[in-house]
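Peer 1: For the sequence shown, our numbering gives the first residue as 2, with consecutive numbering after it.
Using N, Cα and C, we set each Cβ at its ideal position, and we do this for glycine too.
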Amino acid sequence: MGSHCVATWSQTSVSNSPPKPWRRPEELTSLHSPVPSGVTKRARAAGRSLLDVPYGEGEGEKLDIYLPEAVSEAMPFLVFFHGGYWQSGSKDTSAFMVSPLTAQGVAVVIVAYDIAPKGTLDQMVDQVTQSIVFVQKRYPGNQGIYLCGHSAGAQLAAMMLLANWIKHGVTPNLKGFFLLSGVYDLEPIMHTSENAPLLPTLEDAQRNSPLWHLETAPTQPADPACRILVIVGQHDSPEFRRQSREFHQTLCQGGWKASFAELHDVDHFEILWNLTQEDYVLTQ
């Protein structure tokens with residue numbers, strides 16, 4: 002995500018050592034220390050920020066903008082969508098990458114969206130689309146907009162590969178995608194106990210599955226130079242690793258400029274939490 006990130010895409014460590022025993026993401030939560038609670042508070046105190054900026058008319062349609070010390074019309078923007086199985090998480094606890102990136106002159110935007118049961122997946126996708134349109138219109142001279150999502154947030158970011166920007170009256174200056182431990186095929190979720198608030202039908206799952214769309218009706222990149230990095234942790238569950246590899250392969254087959262990285266010795270949560278570190282492979 003940092004200024005040297007493109008160079009590191011092909012150099013990221015890939016480990017072939019045996020993974021830790023598989024666990025559901027919810028089970029992993031209990032094994033870790035709590036999510037670093039002071040990250041967002043420190044980010045807000047350390048630099049310039051615009052908080053709870055409305056990007057739509059809904060109560061939950063707000064975003065936070067963290068600006069570097071040297072503000073210019075030509076800043077690059079990193080727009081982040083949090084995870085949480087579309088049912089938890091908040092922009093107010095998601096400013097992991099703010100300090101390392103603003104120090105490099107990158108503006109960071111953390112987006113809120115209406116999680117279930119209040120929001121449906123279709124609504125979440127629409128809200129994410131609105132947030133990107135808002136950033137482009139507010140900062141039309143940007144040097145590039147880079148989308149980043151973790152877990153459920155990676156699914157929302159990936160759906161932007163399929164967005165019809167013409168109907169929104171603006172084409173965002175999208176330069177790259179960073180998809181961390183994402184879910185790209187939602188059909189397996191149909192068979193889990195957490196499905197009820199999310200996917201009542203198979204059609205809902207397919208409509209919101211970027212992998213399904215790209216396999217059934219391949220979409221050509223609007224900008225062939227736009228880079229997509231599909232990232233997974235060595236200790237992510239087998240399903241997360243499988244979906245990440247399959248999504249990367251599908252992107253490449255469709256002509257997208259995609260790369261794949263499996264980060265050594267991190268799990269589903271550490272891959273995100275490590276974004277606070279300036280020397281992390283994804284923030285350099």
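According to DSSP, what are the bridge partners of R228?
Peer 2: Within the sequence shown, numbered from 1, the residue matching residue 228 stands at position 227. Partner(s): G177, K258.
Peer 1: On the DSSP letters alone, give me the boundaries of the beta strand (DSSP E) that F82 sits inside.
Peer 2: By 1-based counting over the sequence shown, the position of residue 82 is 81. Segment 77-82, the beta strand (DSSP E) holding F82.
Peer 1: With DSSP as the reference, label E216 as helix, strand or coil.
Peer 2: Stepping through the sequence shown from its first residue, residue 216 is reached at position 215. If DSSP states are grouped into helix, strand and coil, E216 belongs with the helices.
Peer 1: Would you report the Cα separation of T172 and V80, rounded to the nearest angstrom?
Peer 2: The sequence position of residue 172 within the sequence shown is 171, counting from 1. The sequence position of residue 80 within the sequence shown is 79, counting from 1. Taking the straight line from one Cα to the other gives about 16 Å.
Peer 1: Can you tell which of K138, S132, L230, Y67 has its C-alpha closest to the C-alpha of Q105?
Peer 2: Taking the sequence shown and counting its residues from 1, the one referred to as residue 105 is at position 104. That would be Y67, whose Cα lies nearest to the Cα of Q105.
Peer 1: Which stretch, first to last residue, makes up the beta strand (DSSP E) that contains K63?
Peer 2: Here residue 63 refers to the residue found at position 62 of the sequence shown. 63-68 is the span of the beta strand (DSSP E), which, as asked, contains K63.
Peer 1: DSSP on L163, reduced to helix/strand/coil?
Peer 2: Along the sequence shown, one-based indexing puts residue 163 at 162. Correct three-state label for L163: helix.
Peer 1: If you count every other CB in all the chains shown that lies within 10 Å of the CB of L203, and 16 or more means buried, which is it?
Peer 2: Counted from its first residue, the sequence shown places residue 203 at position 202. So L203 counts as exposed.
Peer 1: Is N143 buried or exposed, if buried means 16 or more other CB atoms sit within 10 Å of its CB?
Peer 2: Within the sequence shown, the letter at position 142 stands for residue 143. Buried.
Peer 1: If you measure between the beta carbons of A259 and W166, is that distance less than 9 Å?
Peer 2: Residue numbering aside, residue 259 sits at position 258 when the sequence shown is read from its first letter. Residue numbering aside, residue 166 sits at position 165 when the sequence shown is read from its first letter. The answer is no: Cβ separation not under 9 Å.
Peer 1: So, under 8 Å CB-CB, D115 and Q128 are touching, yes? Tell me the CB distance rounded to an integer number of Å.
Peer 2: Taking the first residue of the sequence shown as 1, we reach residue 115 at position 114. Taking the first residue of the sequence shown as 1, we reach residue 128 at position 127. Contact holds; Cβ gap of about 7 Å.
Peer 1: Sort D205, H192, T94, I229 by Cα distance to M161 and report the nearest one.
Peer 2: Mapped onto the sequence shown, residue 161 falls at position 160. Per the Cα distances, I229.
Peer 1: Rounded to whole angstroms, what's the CA-CA distance from L199 to L215? Just pull it up for me.
Peer 2: Against the sequence shown, residue 199 aligns to sequence position 198. Against the sequence shown, residue 215 aligns to sequence position 214. Approximately 21 Å, taken between the alpha carbons.
Peer 1: What do you get for V72, buried or exposed, if any count of 16 or more other CB atoms within 10 angstroms of its CB means buried?
Peer 2: If you number the sequence shown from 1, residue 72 lands on position 71. V72 comes out exposed.
Peer 1: Below 8 Å on the Cβ atoms is my contact criterion, and I expect F78 with Y147 to pass it. Report the Cβ-Cβ distance as a whole number of Å.
Peer 2: By 1-based counting over the sequence shown, the position of residue 78 is 77. By 1-based counting over the sequence shown, the position of residue 147 is 146. Indeed, because the Cβ distance is near 7 Å, the residues count as touching under 8 Å.
Peer 1: Kindly list the residues whose CB is nearer than 7 Å to the CB of V233, restricted to its own chain and excluding five residues on each side of it in sequence; keep chain order.
Peer 2: Taking the first residue of the sequence shown as 1, we reach residue 233 at position 232. Only S182, F241, R242, S245, E263 meet the Cβ criterion.
Peer 1: Excluding the 5 residues flanking L157 on each side, which residues of the same chain have their C-beta closer than 7 Å to its C-beta?
Peer 2: Counted from its first residue, the sequence shown places residue 157 at position 156. For L157, where only same-chain residues beyond five positions count, the Cβ hits under 7 Å are F82, M125, V126, V129, G150.
Peer 1: Are the beta-carbon atoms of D237 and I190 separated by less than 9 Å?
Peer 2: Numbered from 1 along the sequence shown, position 236 holds the residue referred to as residue 237. Numbered from 1 along the sequence shown, position 189 holds the residue referred to as residue 190. No, the Cβ-Cβ distance between D237 and I190 is not below 9 Å.
Peer 1: Could you tell me which residues DSSP pairs with Y147 in its beta bridges?
Peer 2: Within the sequence shown, residue 147 is the residue found at index 146, counting from 1. Note: Y147 sits in a beta bridge opposite L79, G177.
Peer 1: Check the C-beta distance from V136 over to V110 and give it rounded, since I have them as a contact under 8 Å.
Peer 2: The residue given as residue 136 occupies position 135 in the sequence shown. The residue given as residue 110 occupies position 109 in the sequence shown. Yes, they are in contact, since the Cβ atoms of V136 and V110 sit about 6 Å apart, within 8 Å.
Peer 1: Pull the bridge partners of E263 from the DSSP assignment, please.
Peer 2: By 1-based counting over the sequence shown, the position of residue 263 is 262. Partner(s): V233.
Peer 1: Can you list, in chain order, the residues of its chain whose CB lies under 6 Å from that of N209, leaving out five sequence neighbours each side?
Peer 2: The residue you call residue 209 lines up with position 208 of the sequence shown. Within the same chain, N209 has close Cβ partners L122, L187.
Peer 1: Which value, in whole angstroms, describes the spacing of the CA atoms of K63 and Q250?
Peer 2: One-based indexing of the sequence shown puts residue 63 at position 62. One-based indexing of the sequence shown puts residue 250 at position 249. Each residue's alpha carbon lies about 34 Å from the other.
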